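Novice: Number 494 marks the last residue of the sequence shown (the UniProt record's numbering); no jumps.
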Amino acid sequence: SGKWARAAEIVRELEEKCATPLGRMRQVADAMAVEMHAGLASDGGSKLKMLISYVDNLPTGNESGLFYALDLGGTNFRVLRVQLGGKDGRVVKQESAEVSIPPHLMVGTSDDLFDFIAAALAKFVASEGDTFHQSVDRQRELGFTFSFPVKQSSIASGTLIKWTKGFKINGTAGEDVVAELTRAMERQNLDMRVTALVNDTIGTLAGGRYYDNDVVAAVILGTGTNAAYVERAQAIPKWHGLLPKSGDMVINMEWGNFRSSHLPITEYDQALDLESLNPGEQIFEKLISGMYLGDILRRVLLKLAEVAAFFGDTVPPKLKEQFILRTPVMSAMHHDTTSDLRVVGSKLKETFDIHNTSLKARRMVLKLCDIIAKRGARLAAAGIVGILKKQGRDTLQDGNNKQRTVIALDGGLFEHYTIFSKTLVVAIEELLGEEVASTVFIEHANDGSGIGAALLAASHSQYL
Ligand code: ADP
Ligand code: MG
């Protein structure tokens, strides 16, 4: 009937607009490398901020003592304490707690948000048992993972450039986030000093390096997306400070804000962007990350309902609700292996109140999941290969064919959306070719960011 033909046409068009053949991925990888150069040349030189992290040494394994970490950057924040035992002891003991952020605090005032966080941290510190050791004359020290774009002025200070990922808080942009957290901790009578301010990518890179010496970059694929990597300080024209002894500087790319004419962008992406809290910004992130994939799918489903009466004569009202379809639900549908696609059916029912979908309709929904997720995964792969290009690791080095390159990946999307992560790994191989790909390893850095922040707090302790 006309309904199915119109629906098929919408799906076909989406597939065409979202296509990421090898040539397209190469263009994206090249554009990423070009933008990296531009962002390193000058502030404002590129959509890629290429922020200097002030981390010029990554963990060695010698770190020791009790350290805390606080990870803020998504829907949850985490607090963690770790007892580090040096080269031999390594991570002696670690404990963590996770607290979800009430939605109203994500769009409220800065003081309310930081008070909430400091209170949870104080409660966690109060639960520290005797198995953790802290000398009485020492202040507790904290690595603060704050995963929003920050312009750092030292390892333990920096001002927020802008909120992303659904946060919109008045007055914080331009403020030193360490000072804000410190004041909130004081209000809780919590005696603790922030000795390292990093974001989750830097934390993941540091945590990854602690366990594997060949980790040279980290990528987060969670609610948002970002990447960090080790750059030669001499290759950073905008760095006017002293050259660090190591010769290295870790760069926080803020790659979520990458954009390029080579990115495959559809009408759905454009509408999503326009209706977002940050129109025109974080375009790469809006194609790739967990905050948005489900909503792209919802928008296509809405179009199917409106133009092709896909779900009956009336448009199910819930299809119009922004973000009602979360990426984990999309992922559950995408991984449905039942013969009658009953997971797809039940998720459509639970999410949108859409009952009695036919197998044919469910198959189409599955196809949409596939198109949207695979585009995201292949674009993320292209971004990673762009970093490898910048580092000169996308080809085999003469006389150094033993070189290993490890990228630490983390984030709920990468961890749980199996089709997404598998597609990403395969696309990297496709881009690099078999021989080079055999030297490049994608490692899941399970919550490496927390431990990484604690390690950086240790290596920047006031008592060293
Ligand atoms: P954050 O990015 O908020 O710090 P995480 O790294 O844990 O936290 O990522 C959480 C995000 O991962 C969620 O917002 C969601 O988009 C995505 N996610 C979590 N579970 C799944 C899943 N099962 N399938 C797909 N995506 C998931
Ligand atoms: Mg996170």
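We put the beta carbon where it would ideally sit given N, CA and C, even for glycine. In this text the structure is predicted, and so the values were computed from the model without any measurement.
Taking 7 Å as the threshold (beta carbon to beta carbon), is Y84 in contact with chain B?
Specialist: As a matter of chain content, chain B is missing from the structure shown, which is built from one protein chain.
Novice: Tell me the start and end of each unbroken alpha helix (DSSP H) in the stretch 346–431 that is at least 4 residues and wholly inside, in chain order.
Specialist: You should have 357–364, 372–382 and 389–420.
Novice: Can you find the residues in the same chain that come closer than 6 Å, C-beta to C-beta, to V109, ignoring five residues on each side of it along the sequence?
Specialist: For the purposes of this step, residue 109 is identified with residue 79 of the sequence shown, where counting begins at 1. Excluding positions up to five away in sequence, the list reads L100, A127, L151 and F154.
Novice: Determine, using beta-carbon pairs with one atom in the stretch 404–418 and one in the stretch 49–63, whether at least three such pairs fall under 8 Å.
Specialist: Counting Cβ pairs under 8 Å, three or more are found: they touch.
Novice: By alpha-carbon positions, which one of L44, E46, R36 and G69 ends up nearest to R289?
Specialist: Here residue 289 corresponds to residue number 259 of the sequence shown, with the count starting at 1. Taking only the C-alpha atoms, the option nearest R289 is G69.
Novice: Is it true that the CB of L323 sits closer than 7 Å to the CB of I402?
Specialist: For the purposes of this step, residue 402 is taken as residue 372 along the sequence shown, with counting starting at 1. For the purposes of this step, residue 323 is taken as residue 293 along the sequence shown, with counting starting at 1. Yes, the Cβ-Cβ distance between I402 and L323 is below 7 Å.
Novice: W193 to S468, Cα distance in whole Å?
Specialist: For the purposes of this step, residue 193 is taken as the residue at position 163 of the sequence shown. For the purposes of this step, residue 468 is taken as the residue at position 438 of the sequence shown. Rounded to the nearest angstrom, the two C-alpha atoms are 38 Å apart.
Novice: Can the beta-carbon of I185 be found closer than 7 Å to that of H490?
Specialist: Residue numbering aside, residue 185 sits at position 155 when the sequence shown is read from its first letter. Residue numbering aside, residue 490 sits at position 460 when the sequence shown is read from its first letter. It is a contact, given that the beta carbons lie within the stated cut-off.
Novice: Given this structure, state the Cα-to-Cα distance separating N386 from E297, to the nearest angstrom.
Specialist: Here the question's residue 386 lines up with position 356 in the sequence shown. Here the question's residue 297 lines up with position 267 in the sequence shown. Rounded to whole angstroms, N386 to E297 spans 29 Å at the Cα level.
Novice: Tell me whether the beta-carbon of T381 lies closer than 7 Å to the beta-carbon of L355.
Specialist: Taking the sequence shown and counting its residues from 1, the one referred to as residue 381 is at position 351. Taking the sequence shown and counting its residues from 1, the one referred to as residue 355 is at position 325. For T381 and L355, yes; Cβs fall inside 7 Å.
Novice: Which word fits Q492, buried or exposed, when buried means at least 16 other C-beta atoms lie within 10 angstroms of its C-beta?
Specialist: Residue numbering aside, residue 492 sits at position 462 when the sequence shown is read from its first letter. The residue in question, Q492, is exposed, as its Cβ has fewer than 16 Cβ neighbours within 10 Å.
Novice: Where do the ends of the alpha helix (DSSP H) carrying V455 lie?
Specialist: Along the sequence shown, read from residue 1 onward, the residue named residue 455 stands at position 425. Here the alpha helix (DSSP H) through V455 covers T448 to L462.
Novice: Report all residues from its chain with a CB closer than 6 Å to the CB of residue 29; omit the five preceding and five following residues, and keep chain order.
Specialist: The structure shown does not extend to residue 29, since the chain is modelled only from 31 to 494, so the question has no answer here.
Novice: Tell me the DSSP bridge mates of M222?
Specialist: In the sequence shown, the residue the question calls residue 222 occupies position 192. For M222, which the question treats as bridged, DSSP gives the partners R170.
Novice: Measuring only the C-alpha atoms, how far is E39 from I481?
Specialist: Here residue 39 corresponds to residue number 9 of the sequence shown, with the count starting at 1. Here residue 481 corresponds to residue number 451 of the sequence shown, with the count starting at 1. If I take the Cα positions, the gap works out to 49 Å.
Novice: If I232 sits next to E261, beta carbons under 8 Å apart, how far is it from one beta carbon to the other, in whole angstroms?
Specialist: What you label residue 232 is simply residue 202 of the sequence shown in a count that begins at 1. What you label residue 261 is simply residue 231 of the sequence shown in a count that begins at 1. 12 Å between Cβ atoms; not a contact.
Novice: Provide the residue(s) that pair with T105 in DSSP beta bridges, ordered along the chain.
Specialist: For the purposes of this step, residue 105 is identified with residue 75 of the sequence shown, where counting begins at 1. Bridge partners of T105: none, in fact.
Novice: In this structure, does DSSP put Y322 in helix, strand or coil?
Specialist: Here residue 322 is taken as the residue at index 292 of the sequence shown, counted from 1. In this structure, Y322 counts as coil in the three-state DSSP scheme.
Novice: Closer than 6 Å by C-beta to G286: which residues in its own chain qualify, once you throw out the five before and the five after it? Chain order, please.
Specialist: Looking up residue 286 in the sequence shown gives position 256. Excluding positions up to five away in sequence, the list reads G254, T255, N256, Q312, F314 and E315.
Novice: With DSSP as the reference, label E473 as helix, strand or coil.
Specialist: In the sequence shown, counting from the first residue as 1, residue 473 sits at position 443. Residue state, collapsed to three classes: strand.
Novice: Quick one, are the C-beta atoms of T189 and D206 less than 7 Å apart?
Specialist: Numbered from 1 along the sequence shown, position 159 holds the residue referred to as residue 189. Numbered from 1 along the sequence shown, position 176 holds the residue referred to as residue 206. Closer than 7 Å, so yes.
Novice: Determine the direct distance from the alpha carbon of G53 to that of K47, and round the result to whole angstroms.
Specialist: Locating residue 47 in the sequence shown gives position 17, where the first residue counts as 1. Locating residue 53 in the sequence shown gives position 23, where the first residue counts as 1. The alpha-carbon atoms of K47 and G53 are separated by roughly 15 Å.
Novice: Is the beta carbon of D477 within less than 6 Å of some heavy atom of the ligand MG?
Specialist: Here residue 477 corresponds to residue number 447 of the sequence shown, with the count starting at 1. Because no heavy atom of the ligand MG lies under 6 Å away, the Cβ of D477 does not count as near it: no.
Novice: Leaving aside the five residues before and after W269 along the sequence, list all residues of the same chain whose C-beta is less than 7 Å from its C-beta, in chain order.
Specialist: For the purposes of this step, residue 269 is identified with residue 239 of the sequence shown, where counting begins at 1. Same-chain partners within the cutoff: I82, A263 and M279.
Novice: Ignore the nearest five residues each way along the sequence and tell me which others in T212's own chain have a CB closer than 7 Å to its CB.
Specialist: The count along the sequence shown starts at 1 and reaches residue 212 at position 182. V224, listed in sequence order.
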